[in-house]
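Notes to accompany the following structure.
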Amino acid sequence: ADLTRADLTQADLSLVHAAGAVFAGAKLARAIFFKANLTGADLRETNLAQAENISSAKFEEALLPSDYQPVNNPRRSRVAREFWGKRDT
1 ADLTRADLTQ ADLSLVHAAG AVFAGAKLAR AIFFKANLTG ADLRETNLAQ
51 AENISSAKFE EALLPSDYQP VNNPRRSRVA REFWGKRDT
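All residue numbers for the sequence shown refer to the working numbering, where the first residue is 1 and numbers rise by one.
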């Protein structure tokens, strides 16, 4: 699939099979990649660091943004923030 420069802001791409897909230049802010298969995908020039649940995605042989540093970026929805903010410690 060719998703070059697509606006995928807040898209739920959980469990998607996008091996070999081209996302170059796509907007991925708050996009959810839970267990997505991105093997061999082209993710250059994207804001992948702003995507969510990417730690469980498969990136084997994927072309990643040059400034990308893998981190666990949990989902930051309003509901989750309110829930975790009210927890007793």
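Here a beta-carbon is modelled for each residue, glycine too, at the ideal position from N, C-alpha and C.
Once you ignore the five residues that flank residue i on each side, which residues in its own chain have a CB closer than 7 Å to its CB?
i	result
residue 56	34 and 35
residue 59	38
residue 65	43, 44, 45, 46 and 48
residue 68	48 and 49
residue 27	7, 8, 9 and 47
Can you check which of these residues, the options, is closest to residue i by C-alpha distance?
i	options	result
residue 15	68, 53 and 63	53
residue 17	40, 30 and 10	40
residue 13	61, 68 and 30	30
residue 63	32, 19 and 27	19
State the beta-bridge partners of residue i as determined by DSSP.
i	result
residue 52	32
residue 12	32
residue 63	42
Cutting at 6 Å between CB atoms, please list the residues of its own chain near residue i, excluding the five before and the five after it.
i	result
residue 1	21
residue 24	4, 42, 44 and 45
residue 10	30
Starting from the C-beta of residue i, find all residues in its chain whose C-beta is less than 8 Å away, skip the five residues before and the five after it, and write them out in chain order.
i	result
residue 51	28, 29, 30, 31, 32, 33 and 73
residue 90	Given that the chain is displayed from residue 1 to residue 89, the structure contains no residue 90 and the question cannot be resolved.
Item to check | Continuous beta strand (DSSP E) assignments of at least 3 residues falling wholly in the segment 19-46 | outcome: none
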